[in-house]
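Below is one structure; the comments refer to it alone.
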Amino acid sequence: MTDLSYLLDTAPNRFEADPSRATMKAIITTGNGGYDKLEYRDVPVPTLRSGEVLLKVLGAGVNNTEINTRLGWYSSSVTDSTEALSGSDEKETLADGGWNEKTPFPFIQGTDCCGEVVEYTDDVNHLSIGKRVLVRSCMRLIGYDSLENIWMASDFDGAFAQYVRVPASEVFVVDSDWSDVELATIPCAYGTAENMVHRCEVTANDRVLVTGASGGVGSALVQLVKRRGATVIAVAGDSKLDAVKALGADQVISRNADLIEALGESSVDVVIDNVAGDNFGAMMKLLSRGGRYASSGAIAGPMVTLDARDFYLKDLRLIGCTSWDEPVFPNLIGYIERGEIKPLVAQTFELKDIALAQQEFEKKAHVGKFVLVPPSA
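Position one of the sequence shown corresponds to residue 8 (my numbering), numbered consecutively onward.
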């Protein structure tokens, strides 16, 4: 696999006007802070390097991670939930506020991309002009023998634009009758979910607890866990329980419920959790001996309480999941093409209305994904 470290070279002048280059509409995130850090303006269309593809963006999903990155939530100095930080007046750009290195402000966010191939370099031979594709947004920096990873739209420019350049190795043709918007719901949420299901080695014999089951990752998890034949117990807000049940959950529980009282100790084999917060300790008690806990987020708060005796006396496995394993994205393409999963589009917005989309997203009143649609190029 090609070393992708060159993607981290985000020249600060790349958005300056250049009369010799075509321009595109894009959202530039200028620093940590509020919605005022999102600027809709003209910038030069990216220039390809060896082994790259230029895509016309057909749809770009909205995710927690774009909001978290804008807010600087990944900084070790932040101890509150994403909701609490969103309502703060914090404007300082945090050196450790991103996933890996310092976030490369100013840059283009947009982790999800459904796109159309419009150009590629001479050394790319597996693609053709006009093909509709999805981009694997989590990229292994130096190959799959290392967990080192970089993310489109966290470490380098992403899909909140009319065009995006990406390594050809991370572009997957998809043969499906889904709409562009429906395909744009998949990469980040479903990739993250499938990675956790894969790492937990979920089988039909497992009872799996999914928290935050109405969100983008959570609703994907319900489908992907159920696809493997496991029993799904889903936790969500009261107003969303019916919708989560309709996705295939065998049992739904209010997020306000006492989980131990509702299920009993040592009652589940796997917990897949992107919520964390105050319920973390209870989830350790819910796990049976040899149980697996996986997480790729902590929207209710990153600081948790763990009774280490629950961890070691029950031989639990705690699995952190950020870097996607190699089978994950090809698996998803296959699930789409065989009709084994379905998209959940909550609402679409024009690209220029990103602030409105993120405001609505943060209300957490929706089930599924929001998608931004750039203007026709």
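Positions of the beta carbon are idealized from the N, C-alpha and C atoms, including for glycine.
Since the structure is predicted, the reported quantities are computational estimates derived from the model, not experimental observations.
Nearest-angstrom beta carbon gap, residue j and residue i [assumed within contact, 8 Å]
i, j, result
"K217", "G225", "Note that residue 217 is Val in the sequence shown here, rather than Lys. Right, their Cβ atoms sit about 6 Å apart."
"Y170", "L62", "7 Å"
"I115", "D162", "So it is not a contact: roughly 12 Å between Cβ atoms."
"D119", "A175", "D119 to A175, Cβ: 19 Å. No contact."
"Q365", "Y42", "7 Å"
"E347", "R234", "6 Å"
"T86", "M310", "5 Å"
"A29", "V52", "5 Å"
"S261", "D280", "About 16 Å; that fails the 8 Å criterion."
"E344", "S186", "No, E344 and S186 are not in contact; Cβ-Cβ is about 15 Å, not under 8 Å."
"L358", "K44", "So it is not a contact: roughly 16 Å between Cβ atoms."
"G284", "A307", "3 Å"
"V278", "L293", "6 Å"
Residue i - DSSP class collapsed to helix/strand/coil
i, result
"C121", "strand"
"D182", "coil"
"N263", "coil"
"S330", "coil"
"K359", "helix"
"M310", "coil"
"V229", "helix"
"F167", "coil"
"T30", "strand"
"P111", "coil"
"L351", "coil"
"R324", "strand"
"P337", "helix"
"V188", "helix"
"R214", "strand"
"N286", "helix"
"A160", "coil"
Residues near residue i in its chain [Cβ-Cβ closer than 7 Å; skip 5 each side]
i, result
"L351", "T192, S226, V374, G375, K376"
"W331", "C145, G198, N202"
"L148", "L11, S12, E155, N156, I157"
Terminal residues of the beta strand (DSSP E) in which residue i lies
i, result
"S3", "Given that the chain is displayed from residue 8 to residue 384, the structure contains no residue 3 and the question cannot be resolved."
"K376", "376-380"
"D49", "45-51"
"I240", "238-243"
"D25", "Note, D25: premise wrong, no beta strand (DSSP E); not H, not E."
"L452", "As displayed, the chain neither begins before 8 nor continues past 384, which places residue 452 out of reach and without an answer."
"I279", "275-279"
Sequence-distant residues of its chain with Cβ nearer than 6 Å to residue i (five each side left out)
i, result
"A241", "V217, A220, V229, V251, A256, V259"
"F287", "V311"
"P111", "T17"
"Q354", "F377"
"E73", "Q116"
"G222", "none"
"K138", "V124, V180"
"L231", "A200, E201, V204"
For residue i, the first and last residue of its enclosing alpha helix (DSSP H)
i, result
"C195", "194-206"
"N71", "71-78"
"V251", "248-253"
Contacts around residue i, its chain only, beta-carbon distance under 8 Å, and the 5 residues preceding and following it disregarded
i, result
"N338", "E201, H205"
"T9", "G58, P174, S176"
Is the stretch 205-213 touching the stretch 156-176, taking contact as three or more C-beta pairs under 8 Å? no
Does the stretch 57-66 come close enough to the stretch 122-130 to have 3 or more Cβ pairs within less than 8 Å? yes
Determine contact between the stretch 163-179 and the stretch 256-276, defined as no fewer than three beta-carbon pairs at a distance below 8 Å. no
Does the pairing of the stretch 315-327 with the stretch 289-305 give three or more beta-carbon distances under 8 Å? yes
Check whether the stretch 11-21 and the stretch 29-47 are in contact - that is, three or more C-beta pairs closer than 8 Å. no
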